[in-house]
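Structure first, commentary second.
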Amino acid sequence: MPGNSAVVNVVVAGLGGQGVLKASGILADTAFRAGLDVKKSEIHGMSQRGGSVSSDVRFGERVFSPMVPLGEANFLVVLAASQVEVARPVLRPGGVLIHPGLLDETQLTNKRSLNVALLGVLARQLDLADNLWHAAIRAALPEKLHAANLQAFAIGRNP
Amino acid sequence: MLEPSDSQEAYDYTLLAIEISERWRIPVLLRMTTRICHSATLLRTQAQLAPPPPAFVRDVPGRVMIPAYARPAHQRLRAKLAEIAAWNETDGPTQVVDGDRSLGIVTSGISYQHVREAAARARVLKIGLSYPPPVETMRRFAASVDRCLVVEEGDPYLYEAARTAGVAVEQKPEMYRFGELNVSRVRRIVAGDLSPEPALPAGKPPELCPGCPHRNVFEALRDLGCIVAGDIGCYTLGVLPPFSAMDTCVCMGAAIGVGLGLRHSLPPEQARKVVSVIGDSTFVHSGITGLVEMVYNPPATGHVLVILDNGTTAMTGMQEHPGTGRRLDHQPTGRVVFEDLARTLGIRNVFTVDPIADSDSITRVLREALGRDELSVIIARRPCLLAAGSIKLREKKTNAG
Chain D
1 MPGNSAVVNV VVAGLGGQGV LKASGILADT AFRAGLDVKK SEIHGMSQRG GSVSSDVRFG
61 ERVFSPMVPL GEANFLVVLA ASQVEVARPV LRPGGVLIHP GLLDETQLTN KRSLNVALLG
121 VLARQLDLAD NLWHAAIRAA LPEKLHAANL QAFAIGRNP
Chain P
160 MLEPSDSQEA YDYTLLAIEI SERWRIPVLL RMTTRICHSA TLLRTQAQLA PPPPAFVRDV
220 PGRVMIPAYA RPAHQRLRAK LAEIAAWNET DGPTQVVDGD RSLGIVTSGI SYQHVREAAA
280 RARVLKIGLS YPPPVETMRR FAASVDRCLV VEEGDPYLYE AARTAGVAVE QKPEMYRFGE
340 LNVSRVRRIV AGDLSPEPAL PAGKPPELCP GCPHRNVFEA LRDLGCIVAG DIGCYTLGVL
400 PPFSAMDTCV CMGAAIGVGL GLRHSLPPEQ ARKVVSVIGD STFVHSGITG LVEMVYNPPA
460 TGHVLVILDN GTTAMTGMQE HPGTGRRLDH QPTGRVVFED LARTLGIRNV FTVDPIADSD
520 SITRVLREAL GRDELSVIIA RRPCLLAAGS IKLREKKTNA G
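Protein chains in written order, with the numbering used here: chain D, 1 to 159; chain P, 160 to 560.
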């Protein structure tokens, strides 16, 4: 975990319809709830049409550009195995790749909660309190999806 | 023109734009670039000002631009712009970030954020109101630094404004004129790095959803060898394989005008293959004028217009439109019926097909329409798969109510 003054760069990538933007929104909201400056940016031309989607989240004391510079992501969260190589150039040397292979997807009540489960994996490495994550998940989703997504987050967070 | 560099400025400058507009009675542009629109940053809201109560105040010379009123209006416009330019120099939304005098950077919009990160030690002049540009401010700034570089996205607008006023500034190398800027590219601009930029792996392009009703239509257009004047929506994806069935896409509504132009100008054997394809919401947005033109100046070989009616505005997030009979808040309202509209305008060949329920129907009807030297409108109607469930629920509700 970088020091307080450093900006943490996270890139979430996947295919349209997988919840890339939902995941980056939850992460950005969690950082906001932690009192940090945060910026979020996305490329999602026709995001429901199955194409590549990626979203950058940067947080810290002060963030300028909303885009993670190439080769400077501390964390890369990829929701689709096919998108790992497409997104990999954003990762800095020694940066952490988080991908579905790190999880037992069969444990998910709702397999569409993979995005939130991978946020749980990311949460292990970030200095953001669990209650903030939970609040951001609840704020981002309709009530009927809260239980499944909080469970998904827990599966990633506490393997 | 105001150029916000993040969400906070998009908010603040909107309020400032209203202030400027009301003070000088002038339209103000808020330049929202893709990146500003597709990013989210923290913002603090202000207390909402209540709008003044609406009342009509007559101002004929100010609002009726007959030549006698337009000539003095032009003089007033130049006088206003001179006043705004003077205001921009002293009180405009300009910001100077102090830094080392060895490098000064003039910038605006999203480029400012990249600059702050890529050249943390530089002295920065951030211009908020870029037209009319604060050239005297730029002149003083340029004189305060050893090297003055303009970093702006796209074409060199601020650079040219400065140079025209005789301000000695450098511009970015030509290769950075193209494409979006980012922190890495601004670092290269500052360093004068002209080496080729790294190529990135290509992502997966989007495609029409499996089961999308448009798929059968584009397969038919492809198999019949049509020349397709297309339009803007999900269905623009008909241009990509496996369909490769779109030949033009310009702006909303252009499918019909471009298709008619091709019909009028191509030799008859090619003209007979031209089809205009437009989505339902695009059609009501700006296709109706084209349909009127089609009736008024019919090409010798006739024409075929296909309206892809999936009952929603799918590409932008399932909004209602005048053809759905529901308002944006999904409450029932008047409905424009495409078949009725086409017949009322005098088109005799109006076909409605369901490209999913009867997958051959579109080929059959297209073949029939293309075989006549007449005007035809084909409505391919089937709800978008992603919206079908909620459309059904809303229709049920309307019928029950």
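Just so it is clear, CB atoms sit at the ideal spot from N, CA and C, and this is done for glycine as well.
Below 8 Å on C-beta distance, what does residue i contact in chain D?
i                      : result
residue 197 of chain P : 41, 42, 43, 44
residue 470 of chain P : Residues of chain D passing the Cβ test: none, with the nearest at roughly 16 Å.
residue 194 of chain P : 41, 66, 67
Just checking my contact of residue i with residue j at CB under 8 Å: how many whole Å lie between their CB atoms?
i                      : j                      : result
residue 434 of chain P : residue 509 of chain P : Actually they are not in contact, since the Cβ atoms of residue 434 of chain P and residue 509 of chain P sit about 15 Å apart, beyond 8 Å.
residue 348 of chain P : residue 304 of chain P : Not quite, the Cβ-Cβ distance comes to about 16 Å (not below 8 Å), so this is no contact.
residue 163 of chain P : residue 195 of chain P : 6 Å
residue 70 of chain D  : residue 89 of chain D  : 6 Å
residue 411 of chain P : residue 391 of chain P : 5 Å
residue 116 of chain D : residue 152 of chain D : 4 Å
residue 466 of chain P : residue 375 of chain P : At roughly 15 Å, the Cβ-Cβ gap does not stay under 8 Å, so residue 466 of chain P and residue 375 of chain P are not in contact.
residue 83 of chain D  : residue 15 of chain D  : 6 Å
residue 265 of chain P : residue 324 of chain P : At roughly 12 Å, the Cβ-Cβ gap does not stay under 8 Å, so residue 265 of chain P and residue 324 of chain P are not in contact.
residue 512 of chain P : residue 524 of chain P : 5 Å
Based on the DSSP secondary-structure assignment, which residues constitute the bridge partners of residue i?
i                      : result
residue 102 of chain P : With chain P running from 160 to 560 in the structure shown, residue 102 of chain P is simply not present.
residue 495 of chain P : None; residue 495 of chain P has no bridge partner.
residue 144 of chain D : According to DSSP, which records beta bridges pairwise, residue 144 of chain D is partnered with nothing at all.
residue 42 of chain D  : D:55
residue 63 of chain D  : Per DSSP, none; premise fails for residue 63 of chain D.
residue 259 of chain P : P:281
residue 272 of chain P : Its beta-bridge partners do not exist; DSSP assigns none.
residue 462 of chain P : P:534
residue 37 of chain D  : D:60
residue 509 of chain P : P:536
residue 25 of chain D  : In DSSP, residue 25 of chain D forms no bridge with anything.
residue 13 of chain D  : D:54, D:78
Are the beta-carbon atoms of residue i and residue j separated by less than 8 Å?
i                      : j                      : result
residue 175 of chain P : residue 161 of chain P : yes
residue 36 of chain D  : residue 60 of chain D  : yes
residue 54 of chain D  : residue 12 of chain D  : yes
residue 372 of chain P : residue 222 of chain P : no
residue 528 of chain P : residue 515 of chain P : no
residue 480 of chain P : residue 519 of chain P : no
residue 79 of chain D  : residue 27 of chain D  : no
residue 328 of chain P : residue 277 of chain P : no
residue 306 of chain P : residue 262 of chain P : yes
residue 448 of chain P : residue 546 of chain P : no
residue 535 of chain P : residue 463 of chain P : yes
residue 23 of chain D  : residue 128 of chain D : no
residue 200 of chain P : residue 257 of chain P : no
residue 292 of chain P : residue 317 of chain P : yes
residue 503 of chain P : residue 494 of chain P : no
residue 380 of chain P : residue 273 of chain P : no
residue 443 of chain P : residue 414 of chain P : no
residue 95 of chain D  : residue 76 of chain D  : yes
residue 108 of chain D : residue 102 of chain D : no
residue 30 of chain D  : residue 97 of chain D  : no
residue 468 of chain P : residue 358 of chain P : no
residue 8 of chain D   : residue 62 of chain D  : no
residue 544 of chain P : residue 338 of chain P : no
residue 112 of chain D : residue 19 of chain D  : yes
residue 473 of chain P : residue 408 of chain P : no
residue 491 of chain P : residue 460 of chain P : no
residue 172 of chain P : residue 287 of chain P : yes
residue 336 of chain P : residue 313 of chain P : yes
Give me the chain P residues within the contact set of residue i, using Cβ-Cβ distance strictly less than 7 Å, ordered along the chain.
i                     : result
residue 32 of chain D : 201
residue 38 of chain D : 201
Just the chain D side, please: which residues come within less than 7 Å of residue i by C-beta, in chain order?
i                      : result
residue 362 of chain P : 51, 52, 86
residue 343 of chain P : 69, 70
residue 276 of chain P : 64, 65
residue 359 of chain P : 89
residue 273 of chain P : 65
Could you name the residues of chain P that residue i contacts, counting a contact when the two beta carbons are closer than 9 Å?
i                     : result
residue 28 of chain D : 199
> If you scan the segment 311 to 341 of chain P from start to end, which runs of the alpha helix (DSSP H) of 4 or more residues do you find wholly inside it?
Replying inline: 316 to 323
> Can you list the beta strand (DSSP E) stretches of 3 or more residues lying completely in the segment 362 to 448 of chain P, in chain order?
Replying inline: 386 to 388, 433 to 438
> Curious, which full-length alpha helix (DSSP H) runs of at least 4 residues does the segment 92 to 129 of chain D contain?
Replying inline: 114 to 123
> Curious, which full-length beta strand (DSSP E) runs of at least 3 residues does the segment 160 to 225 of chain P contain?
Replying inline: 198 to 200
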